[in-house]
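Inspection log for the structure reproduced underneath, given as structure tokens.
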Amino acid sequence: MPREAVRPLRFLYATVFLTSTGFGAATFLLPVFAEELGASYVAFGVIGTVGSAAYMAMTLVSGALLDRFDRVRLYLAFSVLGAATVLLFRIAAGVGDLVVLRGLLGVVSAMFFVTASTLVADASPPGALTRSIGRYNLSWIAGFIAGPFLGGLISDALGFPALFAILAALIAGSVAIIRAGLIPRGKPSDGPARRGFDLTALRGLYAAYLIILPYSVILGIYMAILPGQMRMLGITPSIIGLLLTMTNGVRGLGFLSVERFIDWGERRSLGLASCLMGAALLAVAFSRSTSDFIAPLAMFGLSGGILTPLVQDNIARRSPRHALGTAMGVHESVYGVGMCVGPVVGGAVAEAFQPATLYLGLAALALLILPLSRGLQGAAAHE
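First residue of the sequence shown? That's -10 in the working numbering, and the numbers climb one at a time after it.
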């Protein structure tokens, strides 16, 4: 890869890591914080759904903005808003406060992740796109590994208000890197003339978006309900953080091997991910202790580590550069749809029946990815 292309990408990876550490800790440990404030399964679902609904709406808005305005300066503005939002969690005093703040976190998360993925795809030479996307995914998953683990330790030792202040400071570090390393160079925002929101860029991408939908429902429940459920089972915040860290670490191994999975075959790899995910959720249904959760969460992490970069790479390769914001915005919006529906329905099912019933249903949903992957089209040249 040319040296002039590597430098802005390295700055991007650093900012993605720092901000993802902040967002990852806040998102994954929020159900634990909510449980300490008296939240029920239904409240877990409402909090998660509000955040995902805001995320879903803002991904489309962000995508349209990125195809019309300077992408790096938008990235800077969105990161500033992210730091401010995480800092506001320090003043939360009840479940109602968390609902509002989770909505704000959904807004800034959507802005950040759509912009970051678009910038990486835009800055990468076509021949190195798969590698660049893999490193981008490693950057944010590294943050999601460090965030919950360190966040669990910090919240145990200092409390949640101190944790949110530290997380906001990390995201502020990302803001400094963007301002110092990306804005002066004008890269990677320079590029083709912007054309605005271009729906024609979505042709041929519908199968990829459909594959994301069942996974996003499952992911929404994993993020919004499972940590709180583990807390109700008597598992401490630090151990919950460690389990989430382990899951994301295994997920990162999948990201690291994305080129091998693409060579093995996209459909075959997605079939493997579907089966692993179904088996993992079946095991979660009967997990009651820390040791029970280890193997199924590792399997779930690996399945997501296979699916996420494969679908993202397919979308990036089949999208023209001028419409990358639109394509990536819709990609993240589909995640928002599933993560909006999943927590509220999942919370209601867990409350009305029992958590085991919820995860048995999710195991069946995971297997739906297998037939959906049959419609995935091969990657086209990046225009």
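A virtual CB, placed ideally from N, CA and C, is assigned to each residue, including glycine.
**OP:** May I ask which residues mark the beginning and end of the alpha helix (DSSP H) holding F101?
**Re:** 84 to 112
Subject >> Sequence-distant residues of the same chain with beta carbon closer than 7 Å to F275, five excluded per side >> reply: A345
Original post:
Once you ignore the five residues that flank L76 on each side, which residues in its own chain have a CB closer than 6 Å to its CB?
Top reply: Excluding positions up to five away in sequence, the list reads A157.
Original post:
Is G223 helix, strand or coil by DSSP?
Top reply: Three-state DSSP puts G223 in coil, outside helix and strand.
Original post:
H376 and D59: beta carbons closer than 8 Å?
Top reply: The question about residue 376 has no answer, for the chain in this structure spans -10 to 372.
Subject >> Inter-stretch contact at 8 Å, needing at least 3 Cβ pairs: the region 114 to 127 / the region 323 to 330 >> reply: no
**OP:** Counting only the same chain and skipping the five closest in sequence on each side, list residues whose C-beta sits under 6 Å from that of S227.
**Re:** G141, L142, D145
Subject >> Closer than 7 Å: A42 CB and nearest the ligand COA heavy atom >> reply: The ligand COA is absent from the structure shown, which contains no ligand whatsoever.
Original post:
Nearest-angstrom Cα distance between T104 and A161?
Top reply: 17 Å
Original post:
With burial defined as no fewer than 16 other Cβ atoms inside 10 Å of the residue's Cβ, what is the status of Y2: buried or exposed?
Top reply: buried
Subject >> For G27, the nearest candidate out of V69, A135, R91, M221 (CA to CA) >> reply: M221
Original post:
In whole angstroms, what separates the C-alpha of L171 from that of Y64?
Top reply: 10 Å
Original post:
Where does the unbroken alpha helix (DSSP H) through A46 begin, and where does it stop?
Top reply: 30 to 55
Original post:
Whole-angstrom Cβ separation of A14 and P137, contact assumed at under 8 Å?
Top reply: 6 Å
Original post:
By Cβ distance, which residues of its chain are closer than 7 Å to E255, with the 5 residues on each side in sequence left out?
Top reply: L299, N303, L365
**OP:** Would you kindly work out how many angstroms separate the C-alpha atoms of L286 and Y195, rounded to a whole number?
**Re:** 29 Å
**OP:** Give the range of the alpha helix (DSSP H) segment to which I214 is assigned.
**Re:** Run containing I214: none; DSSP gives neither H nor E here.
Original post:
Taking L208 as the reference, which of A268, F289, D252 has the closest Cα?
Top reply: F289
**OP:** Please confirm whether S263 and L356 have their CB atoms less than 8 Å apart.
**Re:** In this structure, L356 lies closer than 8 Å to S263 by Cβ.
Subject >> Cutoff 8 Å; reference G350; Cβ partners in own chain excluding five residues on either side >> reply: V338
Subject >> 8 Å Cβ cutoff met for R249 and P150 >> reply: no
Subject >> Given G318 as reference, the closest of F102, V84, L7, T16 once Cα atoms are compared >> reply: F102
**OP:** Measure the Cβ-Cβ separation of A23 and G148 and say whether it is below 8 Å.
**Re:** no
Original post:
Can you tell me whether DSSP reads G13 as helix, strand or coil?
Top reply: In the structure shown, the three-state DSSP call for G13 is helix.
**OP:** Could you say which of F17, L93, Y198, R124 lies nearest to F133 if we only look at CA atoms?
**Re:** Looking at the Cα atoms, F17 is the closest of the given residues.
Original post:
Are G34 and G336 touching if we call contact CB-CB under 8 Å?
Top reply: yes
**OP:** Could you give the DSSP three-state label for F138: helix, strand or coil?
**Re:** helix
Original post:
Cα separation between V109 and G267?
Top reply: 31 Å
**OP:** Compare the Cα-Cα distances from S278 to each of I224, I295, G241 and report the closest residue.
**Re:** Closest option to S278, Cα to Cα, is I224.
Original post:
What three-state label does DSSP hand S308 in the structure shown?
Top reply: coil
Original post:
Do you know whose CA, among V5, V31, L7, G11, lies nearest Q343's CA?
Top reply: V31
Original post:
Any chance the region 37 to 49 sits against the region 87 to 94, with 3 or more Cβ pairs inside 8 Å?
Top reply: yes
Original post:
When burial is assigned at 16 or more other CB atoms within 10 Å of the CB, is G83 buried or exposed?
Top reply: exposed
Subject >> G267 - containing alpha helix (DSSP H), residue span >> reply: 255 to 273
Original post:
So, helix, strand or coil for F250, using DSSP?
Top reply: helix
Original post:
Can you give the Cα-Cα distance for L(-2) and A341, rounded to whole angstroms?
Top reply: 48 Å
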